[in-house]
Structures are given as structure tokens and as C-alpha cells.
Amino acid sequence: MLSKRVLLAASFFIISIGSDSLAAGLPFNPREYPKKVVTCAALNRAENKQVDIDLRMSHNFLGYCRKCIKNTVDYVDINPKAEKTLLLLHGWPSLWASWKYQIQEFQDDYHIIAPDLRGFGASMHPGDVRSSGSWPDLVGDLLCILGDAGVSKTIAVGHDWGTQLAYEAARERPDVFTAVVGITIPYVPAAGPFMSTQVQVAAHPRLAYQLFFDKQTPAAVAELESDIRRTLRGTLRDVASPPPESFLASPDTFLGAWDNVKEIPVIPFFSEDEEDYWVEQFRINGFKYNLQYYTEENRFASWKFANEQGNHTIPQPVLSILPTEDPVANMELAAKLLHSFDFLPNHTLRTLPTAHWTHLEKPIEVNSIIRKWLTELDTNQGQGHVRDEL
Numbered sequence: 051m052l053s054k055r056v057l058l059a060a061s062f063f064i065i066s067i068g069s070d071s072l073a074a075g076l077p078f079n080p081r082e083y084p085k086k087v088v089t090c091a092a093l094n095r096a097e098n099k100q101v102d103i104d105l106r107m108s109h110n111f112l113g114y115c116r117k118c119i120k121n122t123v124d125y126v127d128i129n130p131k132a133e134k135t136l137l138l139l140h141g142w143p144s145l146w147a148s149w150k151y152q153i154q155e156f157q158d159d160y161h162i163i164a165p166d167l168r169g170f171g172a173s174m175h176p177g178d179v180r181s182s183g184s185w186p187d188l189v190g191d192l193l194c195i196l197g198d199a200g201v202s203k204t205i206a207v208g209h210d211w212g213t214q215l216a217y218e219a220a221r222e223r224p225d226v227f228t229a230v231v232g233i234t235i236p237y238v239p240a241a242g243p244f245m246s247t248q249v250q251v252a253a254h255p256r257l258a259y260q261l262f263f264d265k266q267t268p269a270a271v272a273e274l275e276s277d278i279r280r281t282l283r284g285t286l287r288d289v290a291s292p293p294p295e296s297f298l299a300s301p302d303t304f305l306g307a308w309d310n311v312k313e314i315p316v317i318p319f320f321s322e323d324e325e326d327y328w329v330e331q332f333r334i335n336g337f338k339y340n341l342q343y344y345t346e347e348n349r350f351a352s353w354k355f356a357n358e359q360g361n362h363t364i365p366q367p368v369l370s371i372l373p374t375e376d377p378v379a380n381m382e383l384a385a386k387l388l389h390s391f392d393f394l395p396n397h398t399l400r401t402l403p404t405a406h407w408t409h410l411e412k413p414i415e416v417n418s419i420i421r422k423w424l425t426e427l428d429t430n431q432g433q434g435h436v437r438d439e440l
């Protein structure tokens with residue numbers, strides 16, 4: 051039997067770690083969350099397809115599209131009666147379920163909308179991955195989802211490519227996207243000249259895998275789909291279980307750095323059943339429609355659209371949570387080189403000692419940072435000051 055002293059110490063520890071820590075340890079079953087399906091307008095530029103839009107969409111958001119096909123997008127809709135909405139946007143290779151810890155933390159207080167973005171899970175894609183997945187295209191999907199959910203304003207929360215999508219949505223439609231939480235990557239403004247992937251790789255060799263995805267897209271898809279579990283395990287790593295040093299640094303392979311490893315360790319953030327769920331979801335569409343972020347056509351179209359609009363400053367409140375141990379790049383340095391915060395006059399910066407998957411690796415800390423920031427939003431809104439909280 052435990053002594054009273056031990057029991058008291060244990061009780062004090064449980065109280066001191068707080069509800070955030072306890073919530074992060076709760077089991078998560080993604081299959082318990084039903085998905086909604088919305089049909090959105092999507093343009094296939096390669097085939098120039100023309101079909102009427104689905105009338106379930108909100109015309110107040112999208113307007114009429116003469117050369118669009120019907121494109122279904124899946125999303126999870128939680129606590130729709132809550133006053134404020136958080137729109138959770140995943141990155142690559144990811145799913146709505148990557149937000150499990152944030153869903154558990156905020157689902158009682160906020161309306162949570164977490165989509166599988168086009169080409170991921172069961173969400174469809176118009177079929178032209180090279181030129182039909184620019185930021186304006188994806189922002190259109192978000193507006194379609196919000197219209198279906200009956201939401202007129204939301205806070206966008208993003209990770210990885212979902213972060214840049216959140217920033218772009220806030221830049222394009224400040225009337226809808228009232229604030230941004232950007233996790234892992236900094237804001238990439240389109241204020242300067244277009245930089246091809248080749249130019250970026252010359253400066254940052256760890257981005258070489260993006261050349262593989264762009265220049266050899268069919269080969270990249272074949273490699274990624276040859277063993278989906280291995281692909282996901284090789285990508286979703288943390289500081290304690292990192293990928294090989296050469297990971298991401300080849301223009302001719304994505305997983306080649308793992309060739310000498312017979313079985314990649316399990317994903318450190320997931321239960322066995324969660325990992326199975328991710329594999330099942332990625333088997334639906336594979337990877338043929340979700341490399342849209344890496345193709346030069348989409349990247350140029352995204353840059354051109356934003357560059358010509360010219361409104362690169364995002365005045366809404368922004369919380370940027372950057373990792374210090376990301377194998378892709380030094381994200382703080384990247385933010386400085388991009389002059390990201392020059393275009394975010396009302397930003398808060400926090401850093402955490404994680405690799406790329408910050409919200410999964412340090413969920414307690416991330417949730418605490420986000421909750422504090424959300425609580426302070428009302429008092430800080432409109433002050434336009436910078437708070438650097440390293």
C-alpha cells in the first residue's frame with residue numbers, strides 16, 4: 051500500500067499539471083467523429099471542364115463559376131452552436147485528425163471545423179494536380195465549407211501548408227477570417243519576385259525533395275504509394291525519434307534516406323489504431339492529388355494572384371508558433387529572411403523545442419499558448435503592437 055506521503059505527492063502532481071496535460075493524454079478515436087460532405091466548385095484548368103456549381107454552396111462567398119466541376123470535400127463539424135469558430139487546416143501529409151489534441155482541448159468552448167483538404171482522405175480533387183490547387187482555389191474550398199456550415203466568421207488555425215493557407219485566407223478575405231494561428235512555418239508574403247523551387251533549393255538544400263515532387267510527380271506518387279504506412283512513419287517524426295540526416299535532401303527520392311532501415315518506427319504521436327486510420331484514409335486517394343503545393347504551376351499562380359492584389363499585410367491578430375528543431379529549416383531565421391513579421395503588425399511569436407509536428411509533439415504547450423492568446427484577443431484587438439515572447 052502506498053504511504054500517505056506518496057499519495058499526497060501524487061495528488062499534488064496531478065493538480066499541478068492541470069487539465070491541459072490530462073486532456074493531452076486522453077485516447078482519441080477519429081472514427082467516432084462523423085464527417086459532413088459538401089460539394090464545392092473546383093476548376094480543372096488542364097481540361098477546362100465546365101459544369102454548373104452545386105446550389106448548396108453560399109453564393110455570398112464564391113459567386114458564379116462558369117468553368118467549374120463539382121468537387122466534394124469532407125469535414126468534421128463539432129459543437130456548431132458555440133459562439134466562435136476555429137477552422138483547423140492540416141498540412142502535408144496530414145489529415146483533419148492531426149488536430150486531435152486541439153479538438154480535445156477546445157471542442158467544448160468553440161465551434162470546431164476540421165476538413166480534409168482537397169486531395170486528402172476522401173476529399174476529392176478536380177483532377178489536375180499541377181495547376182488546379184493554388185491558394186485562391188483552396189481558399190475557395192474553405193469559403194464553401196464555411197458556407198455549408200453556416201459560419202460567416204472564423205479564426206483560421208494552420209499547420210505546415212495549412213498555415214500558409216490560413217494566412218492567404220486572411221489576406222484574401224479579412225471579412226471572414228478574423229485571426230490566424232500559424233504553426234511551424236512563417237508567413238510567406240508574395241511581395242517580392244517569384245522564386246522557383248530550384249532557386250529555393252540552391253539556398254536551402256533540405257528542400258530538394260520538393261524538386262522531386264514537382265519535376266517527377268508520377269515517380270514521387272509511385273514511391274509514396276508503394277507503402278503508405280512506411281511513407282507516413284518516415285515523415286511524422288519528432289525530436290526524440292528523428293529521420294536520417296539525409297532525409298529531404300534528395301531531388302530524386304523522398305524516402306531514400308530510409309532505405310537502410312527495414313522497419314521505420316511507429317509514429318510517436320499515434321496509437322496503433324490511429325496509425326491504421328491514417329493509412330486507411332490515405333489509401334482512398336493515395337498521393338496523386340495532394341502534391342498540389344509543390345508544383346511550379348500552382349506556386350506561380352498563387353504568387354501571381356497575391357502579388358497582383360498587392361495587399362500583403364495581414365492586420366488581423368496573428369499567433370505564430372515556430373519550432374526550433376525542425377529538420378526542414380530554421381524557421382525563426384526563415385521568418386527573418388522573408389520579413390514575415392513586417393507584414394503582420396499585430397502578431398505574437400512563440401517558439402517551442404520541437405521538430406516539424408509541433409502541435410502533436412508538444413500539445414500541452416501548444417494548447418496553453420493558443421488558449422491564452424484566444425483569451426487575450428478581445429483586449430489586444432486593434433492595438434497593432436508586436437509581442438515577442440521567446
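Using the numbering used here, the final residue of the sequence shown is 440, and nothing's skipped along the way. No residue lacks a Cβ here, since even glycine has one placed at the ideal position from N, Cα and C.
DSSP places glycine 212 inside the alpha helix (DSSP H), whose first and last residues are 211 to 222. With respect to phenylalanine 337, phenylalanine 304 sits apart: the two C-beta atoms are not nearer than 7 Å. The beta carbon of asparagine 380 sits closer than 6 Å to none of the beta carbons in its chain outside the five residues before and after it. By a beta-carbon distance limit of 8 Å, threonine 281 contacts leucine 274. Their separation comes to about 5 Å.
As a beta-bridge residue in DSSP terms, valine 231 pairs with Val207, Leu369.
Annotation for isoleucine 278: the continuous alpha helix (DSSP H) segment containing it runs 278 to 285.
Closest option to threonine 401, judged by alpha-carbon separation, among Leu93, Arg279, Thr135, Ser370: Ser370.
Short of 6 Å from the beta carbon of serine 296, and not among the five residues preceding or following it, lie these beta carbons of its own chain, in chain order: Ala307. The Cβ atoms of leucine 145 and glycine 208 lie no closer than 7 Å to each other. By the 16-neighbour rule on beta-carbons within 10 angstroms, alanine 219 is buried. DSSP, reduced to helix, strand and coil, places arginine 95 outside both helices and strands of the structure shown, so it counts as coil. One Cα belongs to proline 294, the other to isoleucine 317, and the distance between them is close to 15 Å. For threonine 204, the closest C-alpha among the options Ala172, Gly171, Tyr160, Pro186 is that of Tyr160.
At least 7 Å separates the beta-carbon of lysine 150 from that of phenylalanine 244. Here valine 289 has Glu375, Pro403, Thr404, Ala405, Glu411 as same chain residues with Cβ atoms under 8 Å from its own Cβ, once five neighbours each way along the sequence are excluded. Secondary structure note for isoleucine 162: its beta strand (DSSP E) is the uninterrupted segment 161 to 165. The Cβ atoms of aspartate 264 and threonine 247 sit closer than 7 Å to each other. Ranking Asn361, Gly232, His254, Lys85 by CA distance to the CA of alanine 384 puts His254 first.
Counting the other CB atoms within 10 Å of its CB gives glutamate 415 a total of 16 or more, which places it among the buried residues. Histidine 397 carries a strand assignment under DSSP once its states are collapsed to helix, strand and coil.
Note that the segment 320 to 334 does not touch the segment 184 to 195; fewer than 3 beta-carbon pairs, one per stretch, sit closer than 8 Å.
Under the three-state reduction of DSSP output, valine 271 falls in the helix class.
Residue nearest to glycine 169 within the set Val249, Ser182, Pro365 is Ser182 (criterion: CA-CA distance). Per DSSP, reduced to three states, the secondary structure at aspartate 124 is strand. When only Cα atoms are considered, lysine 386 and aspartate 198 end up about 38 Å apart.
Nearest C-alpha to proline 224 among Ala241, Pro367, Gly171, Ser300: Pro367. When the Cα atoms are used, isoleucine 278 and aspartate 428 turn out to be separated by approximately 44 Å. Secondary structure note for leucine 139: its beta strand (DSSP E) is the uninterrupted segment 135 to 139.
By the Cβ test, the segment 226 to 236 is not in contact with the segment 342 to 350, since fewer than three Cβ pairs between them sit closer than 8 Å.
For phenylalanine 350, the CB contacts under 7 Å within the same chain, skipping 5 residues up- and downstream, are Phe244 in chain order.
Rounded to whole angstroms, the Cβ separation of asparagine 129 and proline 176 is 31 Å, and the two are not in contact under 8 Å.
With respect to the 7 Å criterion, isoleucine 314 and arginine 333 are not classified as neighbours on the basis of their beta carbons. Ranked by how close their Cα comes to the Cα of alanine 92, the residues Leu76, Met174, Pro80 have Met174 in first place. The bridge partners DSSP lists for leucine 402 are Pro373.
Taking the C-beta atoms as reference points, serine 390 is found nearer than 7 Å to tyrosine 237. Scanning its chain for C-beta atoms nearer than 7 Å, with the 5 sequence neighbours on each side dropped, one finds around phenylalanine 156 the residues Leu136, Ile162, in chain order.
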